[in-house]
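As structure tokens, the structure follows; a few thoughts come after it.
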Amino acid sequence: MKTITELLAAVPELADAEPVTRVVVPARLEYSYSPGAAQTRFLRALTRRRLVAERCPVCTRVYIPPRGVCPTCGQATTDRLELPPTGTITTFCIVNIAARGLDVEVPYCYAYVLLDGAHVGLHARIGGLPHDRVHVGQRVRVVWNEQAAPEHPEGEPPAPSLAAISHFTPTGEPDADPETYRRWM
Numbered sequence: 053m054k055t056i057t058e059l060l061a062a063v064p065e066l067a068d069a070e071p072v073t074r075v076v077v078p079a080r081l082e083y084s085y086s087p088g089a090a091q092t093r094f095l096r097a098l099t100r101r102r103l104v105a106e107r108c109p110v111c112t113r114v115y116i117p118p119r120g121v122c123p124t125c126g127q128a129t130t131d132r133l134e135l136p137p138t139g140t141i142t143t144f145c146i147v148n149i150a151a152r153g154l155d156v157e158v159p160y161c162y163a164y165v166l167l168d169g170a171h172v173g174l175h176a177r178i179g180g181l182p183h184d185r186v187h188v189g190q191r192v193r194v195v196w197n198e199q200a201a202p203e204h205p206e207g208e209p210p211a212p213s214l215a216a217i218s219h220f221t222p223t224g225e226p227d228a229d230p231e232t233y234r235r236w237m
């Protein structure tokens, strides 16, 4: 089998050319997402500053956002409940790259927040404190975006979106006992 250099040498116009070893090409993906009935209820509830979850009737796990079907048991999750806007950080990372469309100063913290009463966490930005003061076990609460206000004087509610949650911020409570979230890390 010939090398790239040998192949280039066989073409007179390319004989002295250096092989291309890397190409940087901007890419963009656009897609449409259809959330389904369970996630539509969840997204619409966010516009009213509510965190709607569903519980599996067999294994009793609570999913937020709801999936409509328990991924463990395969049973329909018809038991709906509202969770409080508080939870525990189970893991996190410090992000050092600016994200397009996110008006947040770099570096910032992104975490997996296990809401109280849930068995699956939400990914969310942590704010209200320096990123180097975020830690596992920290108790946090939702900070809602102003666009997700429950009263809409114009009569038009905001479009359902995860953007209804601006970020999570510390509650000031003592850290959670690791036994309460270790299983869900």
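Per this note's numbering, numbering through the sequence shown is continuous, rising by one, with the last residue being 237.
Using N, Cα and C, we set each Cβ at its ideal position, and we do this for glycine too.
Nothing here was measured: the structure is a model prediction, and the numbers come from that model.
Item	Value
Nearest neighbour of Val188, chosen from Tyr85, Ala69, Thr124, Arg234 [CA to CA]	Arg234
Among Ile146, Thr92, Thr143, the one whose alpha carbon lies nearest that of Gly120	Thr92
Check whether Arg185 and Val156 have beta carbons under 9 Å apart	no
Inter-residue Cα distance where the pair is Ala90 and Thr55	55 Å
Alpha-carbon spacing of Thr57 relative to Pro64, whole angstroms	12 Å
Cβ-Cβ distance between Trp196 and Ser213 below 9 Å	no
Cβ shell of Cys145 (< 7 Å), same chain only, five flanking positions each side left out	Tyr162
Burial state of Gly224 (16 or more Cβ within 10 Å)	exposed
Per DSSP, cross-strand counterpart(s) of Tyr115	Glu106
Alpha-carbon to alpha-carbon, Arg96 and Ala228	30 Å
Glu198 (DSSP reduced to helix, strand or coil)	helix
CA-to-CA distance, Arg80 to Glu70, given in whole angstroms	29 Å
Span of the alpha helix (DSSP H), counted from its first residue to its last, around Gly88	88-98
Environment of Glu106 [buried if 16+ CB atoms lie within 10 Å]	buried
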